[in-house]
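The opening residue of the sequence shown carries number 746 in this note's numbering; numbering runs sequentially from there.
The next block holds one structure in the form of structure tokens; read it before the comments.
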Amino acid sequence: MTHTVPWDASQVLPWRAGLAYGLLGLPLAFAALPLYVVLPHYYASNLGLPLASVGALLLLVRLMDAGAEPLLGRVSDRLYRRTAHTVLWVVGASALLLGGGMAGLFFPPVQGPGALAAWTVAGLLFTCLAHSLLVIAHQAWGVRLGGDTVQRSRIVAWREGPGLIGVVTASALSVAWGAGTMLGVFALALLAGWLALWQAPRPPFSAAPKDGHEGREPRYRLLWQPLTQAPFRRLLAVFLCNGIASAIPAALMLFFAQDRLQATSPQIALFLVLYFVSGALSMPGWLRVVRRFGLERAWLAGMLLAVACFGWAAALQGGQVAAFAVICVLSGAALGADLAVPGALLALLIERSGAQGTNDGAYLGWWNLATKLNLALAAGATLPLLQWLGYLPGSQDPLALQRLAWIYALLPCALKLMAAWLLHRLLITSRNPPQGVTP
């Protein structure tokens, strides 16, 4: 039965309700892997664009897309002042645009480096904007459902758990069956996620403030208001540093596995499946850690586990696929903390800052801008850097492969350690902990 009344945040979220809300996370994460992991390798290896050009184009588009995130957050705020049906139909239209954009990117109707580069920029920008609006609207739905620390972690887990399944599916399909099958399954998943959202618990939908306060408030102030909050800036700093540390190995994993480890295509598919399945299976465990030790300490434990895993990966040589499979399992478990905790921290911060139900989209817009910057910097900086250091796809030069391993594993370790220090300094031991963050 379709929910027609707002959800009571004091209730425990049943699994059917959680799945109805979270299922859309599957195709949204499904899309992210082709866009940010598969596409660079596909264009460099299959379509012949130089590695530095691929990195530069991705950096350009992602910076443009990231700049639009706060504006899309304001669009989401205005959207949620209407009706649930309005939100659902806008989500459906955005999903249609996203599916069309993905098909155009993987089956470009043009040839030649110049035409292909222009098509890539236009197609990526179109597709990423549709994807961004979907992600923000979906996150805002979950934020507005409310609840305590554990409930919010549970809501995030219901969104990110199906998301990991989506990434696993995209990984397997892209490696084993190619782009055509991958995009067909993606279209079906988008439709299923949209239909499920019609059955999800409804968040409160409120009209514009009756006192006209927002009407008197300049729009640019509402857009920038989250950044004026010190608690949000502290949380965002940790999220940025940790995020780029995670994005670098995501952007380079296919190159590392194929050239450094000499892994076969089925083995690479297995690595991706182990990594993301481990992340999904770790979510209930991280929820128990959150209940016992709190959100921040759970996140810190995940960061330190990731450092240990990537430190080990830096020492691997060609043929050590079994060891890397173990690393994928352990680092996937660390990923579970990155997925379950930061979103819950943000949702609590939004509630305690008084922005829930009024200006939460603005916070989510800046949050997703940080996510896009992480991905942009990871691909846009590391791919040209690797080419400058002498690495090219398919290279067998030992020195170039050693440098690939350093960039893939040791650089993320350094950034993760910095993020862990910031988390401990700004959120755990701070005398004035951020609003929405448990002391």
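Note that CB positions come from ideal geometry on N, CA and C, so glycine has one too.
**Asked** If you compare alpha carbons, which of 1076, 1077, 1032 is closest to residue 898?
**Response** 1032
**Asked** Which two residues bound the contiguous alpha helix (DSSP H) that contains residue 987?
**Response** DSSP places residue 987 inside the alpha helix (DSSP H), whose first and last residues are 975–1000.
**Request:** Determine the closest residue to residue 1196 out of 1111, 1093, 1157, 1143, with distance taken between C-alpha atoms.
**Result:** Any question about residue 1196 goes unanswered here, given that the chain covers just 746 to 1184.
**Request:** State the Cα-Cα distance for the pair residue 762 and residue 826, rounded to the nearest angstrom.
**Result:** 23 Å
**Prompt:** With DSSP run on the structure shown, which of helix, strand or coil describes residue 955?
**Reply:** Note that residue 955 scores 43 on pLDDT, short of 50, meaning its location in the model is unreliable; the coordinates nonetheless yield the value given after this. Reduced to three states, the DSSP call for residue 955 is coil.
**Prompt:** Which value, in whole angstroms, describes the spacing of the CA atoms of residue 850 and residue 918?
**Reply:** 17 Å
**Prompt:** Among the residues of its own chain, which have a CB less than 7 Å from the CB of residue 937, if the five just before and after it don't count?
**Reply:** 768
**Prompt:** I think residue 844 touches residue 939, with their Cβ atoms under 8 Å apart; what is that distance to the nearest whole Å?
**Reply:** No, residue 844 and residue 939 are not in contact; Cβ-Cβ is about 11 Å, not under 8 Å.
**Prompt:** Going by C-alpha distance, which of 779, 1174, 1156 is nearest residue 986?
**Reply:** 1156
**Prompt:** Three or more beta-carbon pairs under 8 Å between the segment 1033–1043 and the segment 1118–1137, yes or no?
**Reply:** No, the segment 1033–1043 is not in contact with the segment 1118–1137.
**Request:** Please classify residue 827: does DSSP put it in a helix, a strand, or coil?
**Result:** coil
**Endpoints, alpha helix (DSSP H) assigned at residue 1083** = 1066–1097
**Asked** Does the Cβ of residue 883 have 16 or more other Cβ atoms within 10 Å, making it buried, or fewer, making it exposed?
**Response** Buried is the call here.
**Request:** Over the uninterrupted alpha helix (DSSP H) stretch that includes residue 1012, give me the two end residues.
**Result:** 1010–1038
**Prompt:** Out of curiosity, what's the CA-to-CA distance linking residue 1143 and residue 997?
**Reply:** Approximately 17 Å between the Cα atoms of the pair.
**Request:** Could you spell out where the alpha helix (DSSP H) holding residue 1154 opens and where it closes?
**Result:** It is not in any alpha helix (DSSP H) - residue 1154 carries neither H nor E in the DSSP assignment.
**Proximity winner among 935, 925, 1060, relative to residue 833 (alpha-carbon distances)** = 935
**Message:** Looking only at its chain, what residues have a beta carbon closer than 7 Å to the beta carbon of residue 1003, apart from the 5 residues adjacent to it on each side?
**Reply:** 1013
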